[in-house]
Amino acid sequence: MGLLRDWHHRPWRARSGLSLDPGFKYDSYDLTAGIDYRMNGSWILGGALGFNRNTSDLPGDAGGMDASGWTASGYASWFNGASWYADAVLSYGHNSYDLDRRIRYSVDSLGGGRTLIDQIASASPGGNSQSLSLSLGRDFSKNAWTFGPYLRAAYSKLDFDAYTETMSNPDGPGAGFALAVDGRTLKSLQGVVGGKLSYAISTNWGVLVPNAQFEWVNEFEDDPDFLVTRFVFDPMQTPILIDNDRIDSNYINLGVGLSGVFANGRSAYVYYERVTGQSRMSSDSLAVGVRIEF
């Protein structure tokens with residue numbers, strides 16, 4: 000039986016902006032604790048509970064989003080000696096969002112002069128997530144070197160609740176710009192071809208394993224549908240359709256890490272990953288974890 004604790008930080012994620020589509024900066028912190036049980040020489044079953052907190056900010060004090068939530072996962076691993084292996088992970092989660100949208104500009108007044116509109120539109124919707132990941136791989140070892148190609152299929156679905164914005168000054172200029180946003184669902188189906196290379200270094204206090212990993216990711220889902228919104232005080236409730244970012248159908252994950260196996264069934268790792276090949280997006284992450292067997 001083993002206990003796993005994992006801390007995951009994705010602090011360097013950003014998207015460049017366009018004239019009508021501002022960029023953003025995004026930080027994510029995740030903490031996961033899990034427990035697993037080795038059924039026999041081939042099977043391991045386990046579960047994990049994770050908590051996350053995310054923040055994203057638009058440039059120029061134009062708004063942002065704070066999100067927090069939890070994810071519960073069940074997983075199974077199968078091993079055929081030291082070569083073939085397969086993994087399955089099923090997860091369900093819930094997130095709560097706090098959204099702020101800054102509306103600030105000035106217009107000519109009918110009686111002369113200028114009228115300043117300065118409002119913050121806020122909302123606090125929720126949403127659920129479901130995901131399933133299946134992977135199959137084989138390790139080839141020679142002396143201290145190990146190379147392992149693998150395949151992975153990953154499906155995920157995100158459901159976002161409908162919400163209505165409230166304005167910071169409901170009786171002031173610009174209060175009519177509050178939006179009602181329809182609920183929506185985003186889906187992703189990915190196929191991954193990857194490989195990992197590691198080298199074991201034995202010491203008198205444990206084994207250190209530096210490693211590197213490469214993944215080519217292909218997205219099979221089409222671009223998401225329009226986001227449907229309406230002005231809250233529009234008597235006709237005319238839909239406003241907002242286009243979404245186009246999906247990057249192909250990109251690459253590159254990672255390097257270091258793991259260690261120590262006495263009394265203890266192990267630890269650190270892993271850094273960078274995503275390349277996504278349009279207007281840069282993303283880096285750092286994960287640290289420890290495992291204790293008992």
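According to numbering that gives the first Met the number 0, the stretch in the sequence shown is residues 0 to 293, in order. The C-beta atom is built at its ideal place from N, Cα and C for all residues, glycine as well.
Asked: Cut-off 6 Å between Cβ atoms - residues of its own chain near Tyr84, not counting five sequence neighbours on either side; Found: Phe78, Gly136
Asked: Which listed residue (Ala177, Phe159, Tyr250) has its alpha carbon closest to that of Ser167; Found: Ala177
Asked: C-alpha gap between Ser95 and Ala143, whole angstroms; Found: 46 Å
Asked: Element boundaries [beta strand (DSSP E), containing Trp77]; Found: 62-79
Asked: Exposure label - Ala120; buried when at least 16 CB within 10 Å; Found: buried
Asked: Every unbroken beta strand (DSSP E) within the segment 132-182, with a cutoff of 3 residues, ordered by chain; Found: 139-141, 144-159, 178-180
Asked: Segment contact, 8 Å Cβ cut-off, at least three pairs: the segment 269-289 with the segment 253-260; Found: yes
Asked: Span separating the alpha-carbon of Asn263 from that of Tyr91; Found: 33 Å
Asked: Buried versus exposed, by CB contacts within 10 Å (16 or more), Val192; Found: exposed
Asked: Where the beta strand (DSSP E) through Ala262 begins and ends; Found: Where Ala262 is concerned, there is no enclosing beta strand (DSSP E), given that its DSSP letter is neither H nor E.
Asked: Three or more C-beta pairs below 8 Å linking the segment 156-163 and the segment 208-215; Found: no
Asked: Bridge partners - Gly112, DSSP secondary structure assignment; Found: Answer by DSSP bridge pairing: none, since Gly112 is not bridged.
Asked: Local conformation of Gly205 per DSSP, three classes; Found: strand
Asked: Straight-line Cα distance separating Ser134 from Gly147; Found: 12 Å
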